[in-house]
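J.: Protein chains in written order, with this note's numbering: chain A, 58 to 375; chain B, 58 to 375; chain C, 123 to 448; chain D, 123 to 448.
We put the beta carbon where it would ideally sit given N, CA and C, even for glycine.
None of the values given here were measured: they were computed from a predicted structure.
Attaching a single structure in structure tokens format; questions to follow.
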Amino acid sequence: MKLSKEIHKELYLKMNQTREFEETAARLFVEGKVHGTAHFCIGEEATGVGVCSALEVEDYILQTHRGHNQGIGKNMDINKMMAEFRGKATGYCKGKGGCMHIADFSVGSLGANGVVGGGLPIATGAALKQKYNKEKNITVCFFGDGASNEGAFHESLNLASVWKLPVLFVCTNNLYGMSTPVSKSMNIEDISIRAASYGIKGIALDGNDVVNIYEETLKAKEYILENGPMLMVLNTYRWMGHSKSDAQIYRTKDEVKEWKEKCPIKQHKKFILENKIMTEDELVAIGKQAVEDIEKAVEFAENSPEPRIEDIFDDVYA
Amino acid sequence: MKLSKEIHKELYLKMNQTREFEETAARLFVEGKVHGTAHFCIGEEATGVGVCSALEVEDYILQTHRGHNQGIGKNMDINKMMAEFRGKATGYCKGKGGCMHIADFSVGSLGANGVVGGGLPIATGAALKQKYNKEKNITVCFFGDGASNEGAFHESLNLASVWKLPVLFVCTNNLYGMSTPVSKSMNIEDISIRAASYGIKGIALDGNDVVNIYEETLKAKEYILENGPMLMVLNTYRWMGHSKSDAQIYRTKDEVKEWKEKCPIKQHKKFILENKIMTEDELVAIGKQAVEDIEKAVEFAENSPEPRIEDIFDDVYA
Amino acid sequence: MREITYAQAINEAMSEEMRREKNLIFMGEDIGLYGGAFGVSKGMFEEFGPERILDTPITELAITGCAAGASMTGLRTIVEIMFSDFMTLAMEQLANQAAKNRFQFGGQGSVPMVLRAPGGSGTGAAAQHSQSLEAWVAHVPGLKVVIPSTPADAKGLLKASIRDDNPVVFLEQKLLYRVKGEVPDLDEDFIIPLGKADIKREGKDVTIITYGRMVQRCIKVAEEFAKDGVEIEVVDIRTLVPLDKETLISSAKKTGKVLVVHEACQTGGFGGELVSVVVESDAFFYLDAPVKRLGGLDVPIPYNPGLEALVVPTEEKITAAIKDLL
Amino acid sequence: MREITYAQAINEAMSEEMRREKNLIFMGEDIGLYGGAFGVSKGMFEEFGPERILDTPITELAITGCAAGASMTGLRTIVEIMFSDFMTLAMEQLANQAAKNRFQFGGQGSVPMVLRAPGGSGTGAAAQHSQSLEAWVAHVPGLKVVIPSTPADAKGLLKASIRDDNPVVFLEQKLLYRVKGEVPDLDEDFIIPLGKADIKREGKDVTIITYGRMVQRCIKVAEEFAKDGVEIEVVDIRTLVPLDKETLISSAKKTGKVLVVHEACQTGGFGGELVSVVVESDAFFYLDAPVKRLGGLDVPIPYNPGLEALVVPTEEKITAAIKDLL
Ligand SMILES: Cc1ncc(C[n+]2csc(CCOP(=O)(O)OP(=O)(O)O)c2C)c(N)n1
Ligand SMILES: Cc1ncc(C[n+]2csc(CCOP(=O)(O)OP(=O)(O)O)c2C)c(N)n1
Ligand SMILES: [Mg+2]
Ligand SMILES: [Mg+2]
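Structural data, given as structure tokens:
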């Protein structure tokens, strides 16, 4: 498979937007402009961006609490994302959800989830609807290594398998669930072997190789529409702490440094240059665009109104 | 391994007691002496009897809703079992639990469970206590094929594995969860492969071969005390309906007939006679004893008082 | 009018709605060929086939979330939880996801699903198969909660629940499944809107506010009192959320004496809400006796049939409570 | 007396009990080296080691059941659920198993476990991390339920909970973790028995019955009213189950005016129970105004800090409610 220049551009831009979005978000915390918490995916950009860019609007995704890459990958509006992060009325959820609940049904995102593993059962339902309507689309469910120990993982993969539902289960294994290393939360090394319990296919990929993730997602979609669900494990690493407040005493600086060398953006850049897909200048321009996009989003959010308490009962019931 | 005559006697007696107990219980329903429901394990006697007879008092078991074989296997008092089934004050649970909640802490039964998969998490806790106290005993958790699709299965096996807890997970695969055949509730044929998801050992055995089950349990206990948890799948079949009221339209009479031929009691008898461990007469005598034991239990229960409403608040709190 | 059972009424409601709405599906454990643990869905698999009547593995969390996901994306779903006690396994998807999704996503999407589950004691199934957990779900904004007491209510309210665009928890009463009652003819599109209490018996001396299987019991007691000239009004709230406060309050004002009855354990039960609604309102000034609650004893449901019958409000206890009020 | 935070008080209670009882263990997600999501268990891993302080996978159902199983067989356990919202995943083991085992087994064994979980809003964590679910657990016979409002109460009540032979749900208040208060010296074996309400402020004109983080807020309002000569009594129930009815009732009799305040959504909240306890008693005859409830709005907790602050009882709303009563 050889990806077009357009695709590379898209992937590179989205990864840069994601990183810029999060670095900016982190700064906004420091500036005291946001309350609550956030979970950053810096270092993991290739996972959500690679998978979601390979999807169509009609494919659904279920995002995690660490899902800015997933949302940007699925073409969510960055202004509305930032506004939601700031709790503004113009945000995706009118300021009611915050960054743990960002969703955009219009691009196929059925929402980020604050509950570890919370999206898994929902994904089976979205896929059931696709199957019921004989759509040629799939549902992609993101979740972490930690989530794969929840009962919801087991029940959802089993149900999807029994009903042959078109779900791609994507486990972003970043080696930790909060402070708990995978080695202490499960007794296996390759999470993809769990697929066997459900009689479905499981694969494990380098989670920092956006090109390969993109390609494998295209293949997975085809496979799934034919054969039913599949488990894709993306091995990656989170550079920042688990959430805003995390002293990270559970891992070494060396480990973090090692993984920073495997930076997915840097890797993609190298690939692009080596294969002469774009020039250094072109890439710099994309990087700049990402920065501008986020600046605009910050401004949009800053100038947006707060939600009003008078509207609080809206949306409790349809 | 060659089992002693005593052991064979015990196994044969307990299987006969179980069958007699249940056939009698079924009759008591017809006679209107019991309200509620019951789940019979006729055809599956070898599972609970084989496993539990290989255990010591200090080994714990968690029983299922279909667990008369497990209780009798663990040397529960048949009088108190029958009295509980009749809801009498002399029953194991003073008539408060009924046959879905029979328990005898004094022989190591931590109780039958009305919730499918409900015993699994509890088993990890009992085993944790054993490990904490450096006991040389294990906890055996019974559950069905259907239960292995519950989140509790996944979470409990994973936890037990991570903590290397001394648990033997025993799945009695009787091919159906209520009306739902295994083929429709999971996409695998051998449930024991699910052990791999937790990095633990899994084995599948003929669930109607009481001798082999007994022997394998002894081995499993040794293995577990050394290496941590293990999954043992016992493939068997339930002859009766799921519970009292079941028209059994989901399976064929031929299938039932086929399995009746594999009757665990008949098989054991054949083994005993072929290996000249006991004579036909001896076996008949054991069968008679089983009948008498149950008759006595019926009488005991019949003559026992009902619990009094005045005592209802006892046991809500310790 | 023809008489059918409560179970049949539920079956009819589901079947009729499935006929008119092709996007409606129904899932649960053993609901297909087997017809459901209580036989409620008998015949539906044959009529609607395996694509719309989905037998599931034993996996309450997943099927509840599956229903929510399908409903969020365009289907309408009914999910049956075999005993309401097993909602305990599904509360995450029900309370955190189905109930909150619309709000937390700022109004994007809705979750038109009905979670049906039978509750209550009296079948000898003991502590883990006999609970009445309506108070839990009534405390979760985003959910609606219905408990019908007659076949007609079951049918009309279930049809309304299925057409509702929100997640509705529809709690059936095991002991009513075989009870018969008058239900409008099949060709009528018989709907009872959610949020309307029903005065099942008019009276002027005392108000009983109740729901579910206690309704008939209260009516029976009321009829006994009527012989002595005491006219008890029996108000069946039918839907706990939304609650028809007006009807409760105006009945309380009329009679000045209120007894709240439910099967669920009294402490923390929905009775507290009902009492509060009355005493917080101006009905307070019309009350000439303390409002009384009569709930189940605060114990798990025991197996023994004699005990089991006595831990919930009996006719005797209801009678005594009314006498206290008079 | 020395002052420590609510979080430290909880840490001290656990640590002291672990020192005196070798059979006590503590498990939860990230409670070890990390010290817990809210830092409550900082230092405990270092002191008690990995055999007694058990970091678990993310698996709420299993760890709740694991604690129950260990407690049934001879250990005593504390299990931390990182946010009380995730009790939704554990309700089966908590309500069907831990709460009912003793009863359904006819008194065999007991389940001395404490499930600790922080509840409440105010941290900007939105709908799935901010609930107040005490009403659910208070409705389950077999469980005890505690919600402390001060560091001293947290310490004394947690020690009592750990020594209790029953499953106790100990609901902490996120927003109180960093709040300081006086707590008796370390060498005192400071225990507050479960089931005793505490009059946090005496008064004769109005009674506020409340608990958790609303206690301080109510006291503040009371102090404002005191400036105008209105003396409000603030009763902190502290334990929902068992409930100290006597103290509530006698305060209501004394003042004749009652306001119930809690953060949880009003509908179906524990406030209904509190109102009922008062109006069912002879305090009814002493009331000169309808009992009022002030709970949270019936909405999921919104993310925006402005909205979030306004969906729970504010000082303004409490003040207005008191004025209504006067
Ligand atoms: C059911 C549940 N339990 C615990 C938490 C608290 N929590 C939030 S994120 C997290 C770690 C999740 O680990 P993983 O699934 O690997 O995702 P990651 O954060 O590494 O992306 C935890 C424990 C939660 N949100 N939901
Ligand atoms: C959580 C839960 N869901 C559903 C039920 C109803 N139920 C009781 S037994 C049973 C079938 C269980 O199947 P399996 O685990 O294979 O055990 P078996 O009955 O075949 O011995 C079902 C669905 C239940 N008791 N608990
Ligand atoms: Mg992770
Ligand atoms: Mg089975």
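Mind reading off the beta-carbon distance from residue 313(C) to residue 281(C)? Whole number of angstroms is fine, and I expect it under 8 angstroms.
T.: 5 angstroms
J.: Closest to residue 156(A) by CA distance: which of 197(D), 248(D), 360(D) and 434(D) is it?
T.: 248(D)
J.: When the cut-off is 7 angstroms and only beta carbons count, does residue 144(D) lie next to chain C?
T.: no
J.: For residue 193(D), count neighbouring C-beta atoms within 10 Å of its own C-beta (all shown protein chains included) and say buried if the count is 16 or more, exposed if not.
T.: buried
J.: Would you tell me roughly how many angstroms separate the C-alpha atoms of residue 72(A) and residue 418(D), rounded to the nearest one?
T.: 41 angstroms
J.: I need the DSSP call for residue 354(B), collapsed to helix, strand or coil.
T.: Correct three-state label for residue 354(B): helix.
J.: Go through its chain and collect everything with a Cβ distance to residue 297(B)'s Cβ below 6 angstroms, but skip five positions before and after it.
T.: 97 and 99
J.: Let me have the residue list for ligand 4: C-beta closer than 6 angstroms to any non-hydrogen atom, ordered along the chain.
T.: 201(B), 202(B), 203(B), 231(B), 233(B) and 234(B)
J.: Of the choices 254(C), 208(C), 270(C) and 263(C), whose alpha-carbon is the least far from that of residue 171(B)?
T.: 208(C)
J.: Measure from the alpha carbon of residue 438(D) to the alpha carbon of each residue in 356(D), 403(D), 342(D) and 377(D), then state which is nearest.
T.: 342(D)
J.: Let me see if you follow: with CB-CB separation under 7 angstroms, is residue 192(A) close to chain C or not?
T.: no
J.: Is there contact between the region 173-185 of chain C and the region 208-226 of chain C, where contact requires at least three CB pairs shorter than 8 angstroms?
T.: yes
J.: Using the Cα positions of residue 321(A) and residue 290(A), report the straight-line distance between them to the nearest angstrom.
T.: 16 angstroms
J.: Would you identify the three-state DSSP class for residue 295(D), choosing helix, strand or coil?
T.: strand
J.: Any heavy atom of ligand 1 closer than 6 angstroms to the Cβ of residue 123(A)?
T.: yes
J.: List in chain order: all unbroken beta strand (DSSP E) runs of 3+ residues lying wholly within the region 158-232 of chain B.
T.: Qualifying beta strand (DSSP E) stretches, in chain order: 196-201 and 224-230.
J.: Where residue 157(C) and residue 378(C) are concerned, what is the direct C-alpha to C-alpha distance, given to the nearest angstrom?
T.: 47 angstroms
J.: Name, going along the chain, the residues of the region 186-217 of chain D whose beta-carbon falls closer than 8 angstroms to a beta-carbon of chain B.
T.: Residues of the region 186-217 of chain D whose Cβ lies closer than 8 angstroms to any Cβ of chain B, in chain order: 186, 187, 188, 189, 190, 191, 192, 193, 194, 195, 196, 197, 199, 214 and 215.
J.: Please report the distance separating the alpha-carbon of residue 135(C) from that of residue 278(C).
T.: The straight-line gap from Cα to Cα measures roughly 7 angstroms.
J.: Please tell me whether residue 242(C) and residue 295(C) are closer than 7 angstroms, where the distance is taken between their beta carbons.
T.: Against a cut-off of 7 angstroms, the Cβ pair of residue 295(C) and residue 242(C) comes out as a contact.
J.: Is any non-hydrogen atom of ligand 2 found closer than 6 angstroms to the C-beta of residue 204(C), if you look at the structure I gave you?
T.: yes
J.: Between residue 185(D) and ligand 1, is the CB less than 6 angstroms from at least one heavy atom?
T.: no
J.: According to the neighbour-count rule (16 or more other Cβ atoms, all chains shown, within 10 Å of its Cβ), is residue 123(D) buried or exposed?
T.: exposed
J.: Just the chain D side, please: which residues come within less than 7 angstroms of residue 370(A) by C-beta, in chain order?
T.: 421
J.: Could you check which residue in 431(C), 174(C), 153(C) and 360(C) has the C-alpha nearest to that of residue 141(C)?
T.: 174(C)
J.: Can you tell me whether DSSP reads residue 344(B) as helix, strand or coil?
T.: helix
J.: When you check each C-beta in the region 199-219 of chain B against every C-beta of chain C, which residues fall closer than 7 angstroms?
T.: 203, 204, 206, 207 and 208
J.: Assign residue 306(A) to one of two classes, buried (16 or more other C-beta atoms within 10 Å of its C-beta) or exposed (fewer than that).
T.: Burial call: exposed.
J.: Indicate, with yes or no, if ligand 1 has a heavy atom lying under 6 angstroms from the CB of residue 153(D).
T.: Residue 153(D): no, Cβ never under 6 angstroms from ligand 1.
J.: Is any heavy atom of ligand 2 found at a distance shorter than 6 angstroms from the C-beta of residue 245(B)?
T.: no
J.: Should residue 352(D) be counted as a contact of ligand 2 given a C-beta to heavy atom distance under 6 angstroms?
T.: no
J.: Look at residue 471(C) and residue 239(C) and say whether their C-beta atoms are less than 7 angstroms apart.
T.: Because chain C in this structure spans residues 123 to 448, residue 471(C) falls outside the shown range and cannot be described.
J.: Counting only beta-carbon atoms, is residue 254(B) nearer than 7 angstroms to chain C?
T.: no
J.: Since residue 384(C) is in the beta strand (DSSP E), which residue starts that stretch and which ends it?
T.: 380-387 is the span of the beta strand (DSSP E), which, as asked, contains residue 384(C).
J.: Fully enclosed by the region 218-284 of chain C, which beta strand (DSSP E) runs are 3 residues long or longer?
T.: 235-241 and 266-268
J.: Please work out which residues of its chain come closer than 6 angstroms, Cβ to Cβ, to residue 177(C), disregarding the five sequence neighbours upstream and downstream, and give them in chain order.
T.: 154
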